[in-house]
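Participant: Structure incoming, see below.
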Amino acid sequence: LLRPQSGEAMAQHRLSLNLYKRMQTYTIDATGKKLGRLASEVAVILMGKHLPDFAPHKPGTSRVLITNARSLNLPTKKIKEKTYVRYSGYPRGIKERTMEKVIEKFELRDVIEKAVYRMLPGNKLRRDRMKRLTINDNA
Numbered sequence: 028l029l030r031p032q033s034g035e036a037m038a039q040h041r042l043s044l045n046l047y048k049r050m051q052t053y054t055i056d057a058t059g060k061k062l063g064r065l066a067s068e069v070a071v072i073l074m075g076k077h078l079p080d081f082a083p084h085k086p087g088t089s090r091v092l093i094t095n096a097r098s099l100n101l102p103t104k105k106i107k108e109k110t111y112v113r114y115s116g117y118p119r120g121i122k123e124r125t126m127e128k129v130i131e132k133f134e135l136r137d138v139i140e141k142a143v144y145r146m147l148p149g150n151k152l153r154r155d156r157m158k159r160l161t162i163n164d165n166a
């Protein structure tokens with residue numbers, strides 16, 4: 028049984044279409060930028076804080092493309108000494124991995140993703156916001 032949508036439902040449908048049309052892609056060149064500054068800039072765009080109609084309960088409408096990720100400004104001291112720590116919950120379950128090992132085993136893309144992920148608020152919208160992040164490695 029199909030019935031015509033009410034005026035409120037039609038308005039809601041138009042609103043979702045307008046949000047889709049408003050979705051913009053921001054391209055950020057990572058050449059010579061520090062990791063933390065890049066991550067905070069990307070997090071602000073993914074949250075939608077750069078828009079005048081920002082609301083913390085909305086996922087945001089912008090996509091971010093990071094180009095030239097390999098030419099990011101990472102000091103060798105940070106690459107050697109920065110550690111990522113995980114805890115399994117079991118006794119002696121702490122696992123540590125340096126940034127150097129993360130870049131070897133995975134890629135620089137994972138380091139940038141972790142930095143952006145940790146800059147976003149830890150709520151249900153974090154995963155959706157991270158899906159709108161694309162990292163391009165060419166340098």
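When the letters of the sequence shown are read in order and numbered with the numbering used here, they come out as residues 28 to 166. We treat Cβ as the ideally placed atom computed from N, Cα and C, and that holds for glycine.
#1: Out of 129, 92, 121, 123, which has the shortest C-alpha to C-alpha gap to residue 52?
#2: In angstroms with no decimal places, state the Cα-to-Cα distance between residue 13 and residue 123.
#3: Please list the terminal residues of the continuous alpha helix (DSSP H) segment that includes residue 134.
#4: Which first and last residues belong to the beta strand (DSSP E) in which residue 92 is found?
#5: In the DSSP assignment, what are the bridge partners of residue 121?
#6: Tell me which same chain residues have a C-beta within less than 7 Å of the C-beta of residue 169, skipping the five on either side of it?
#7: At the level of alpha carbons, what is the spacing between residue 55 and residue 106?
#8: Can you tell me the Cβ-Cβ gap for residue 73 and residue 160, rounded? I've got them flagged as a contact below 8 Å.
#9: Could you check the C-alpha separation between residue 85 and residue 142 for me, to the nearest Å?
Facilitator: With the structure as the only source:
#1: 92
#2: This structure does not reach residue 13, given that the chain is present from 28 up to 166, and the question cannot be answered.
#3: Per DSSP, residue 134 belongs to no alpha helix (DSSP H) and is neither H nor E.
#4: Boundaries of the beta strand (DSSP E) around residue 92: 90-94.
#5: In DSSP, residue 121 forms a bridge with 114.
#6: Nothing in the structure corresponds to residue 169, since the chain is present only between 28 and 166.
#7: 22 Å
#8: 6 Å
#9: 22 Å
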